[in-house]
Amino acid sequence: MPGEAEYSSDPSIDPVCPVQPKKHVIVLGSWHAGEVQCRSFGSGPATIAVTPAGTPLPCGLATATCGSQSGLLACIDDLYSADGTCQPNVDETFGHFTALPQANDYSSVCFADSPVPCDPSATELRGTVDAAGNLLLPFNWQGILVNDAGIPVPRLLRGTLRSPLGFNIPDAVFLASYTPEGAKLPPIFEPTADPSVTDPNVITLFGSADAPYTILWVHPPR
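The sequence shown begins at 1 in the working numbering and counts up one residue at a time.
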């Protein structure tokens with residue numbers, strides 16, 4: 001394996017790179033197992049760097065871009081649009097690499113259809129915020145999928161989220177669903193806000209699912 005990933009949320013225990021980074025930095029040694037430092041546990045905007053064996057850790061990536069560093073074999077931070085121009089045009093939706101948390105098992109967070117297929121045993125809902133301030137919620141839908149003779153059938157879903165902060169989605173244009181690779185799913189899979197919910201801290205979403213794993217994308221109104 002290229003390297004071992006170790007993480008910590010406490011910069012004080014990392015003597016090599018004690019400065020709290022603005023983003024997560026994952027460093028991989030070149031084709032050898034090596035310790036990863038300059039690290040911050042969790043999810044969110046991230047940079048992946050590959051360094052030659054035995055070279056100093058690129059701690060500057062904690063606060064700077066790949067383009068400003070030297071001596072790296074490879075580095076990933078900003079993501080460019082696949083627009084055929086071969087120009088460094090930052091993608092409008094996913095402009096920076098983002099580390100996602102472990103996907104939420106939808107069958108363990110839903111409760112209306114308990115005990116089958118829902119088993120409301122989850123104690124948290126995991127999500128992250130990307131560099132542009134968008135909320136990303138990864139979901140594993142396998143526990144509630146419906147199949148007809150081996151063919152996936154879209155299952156209608158309704159979910160309600162309550163936030164400790166103001167959470168207002170005025171239009172469905174601020175909502176979308178993506179594959180793990182970043183491809184937008186067809187309109188039938190787009191969650192739609194419920195206009196009858198007026199509480200600014202609550203959002204009710206309607207949608208459907210027939211894929212095992214997708215990411216819900218919420219773009220906060222500016």
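Beta carbons are placed, not taken as given, at the ideal position from N, Cα and C, and that holds for glycine.
Just so you know, these numbers come straight off a predicted model, no measurement behind them.
- Assigned with DSSP and collapsed to three states, L205 falls in strand.
- In the DSSP secondary-structure assignment, G44 is bridged to A99.
- For L61, the secondary structure class from DSSP, reduced to helix, strand or coil, is helix.
- For Y106, the uninterrupted alpha helix (DSSP H) run begins and ends at 106-109, by DSSP.
- One thing to note: I76 has its Cβ within 8 Å of the Cβ of T47.
- Nearest to V116 by alpha-carbon distance, out of T51, L145, V173, is L145.
- Looking from the CA of G71, the closest CA among D105, P200, V197, L61 belongs to L61.
- Taking a C-beta distance under 8 Å as the contact criterion, L175 and V109 do not qualify as a contact pair.
- Comparing alpha-carbon positions, the option among N168, V90, A74 lying closest to Y80 turns out to be V90.
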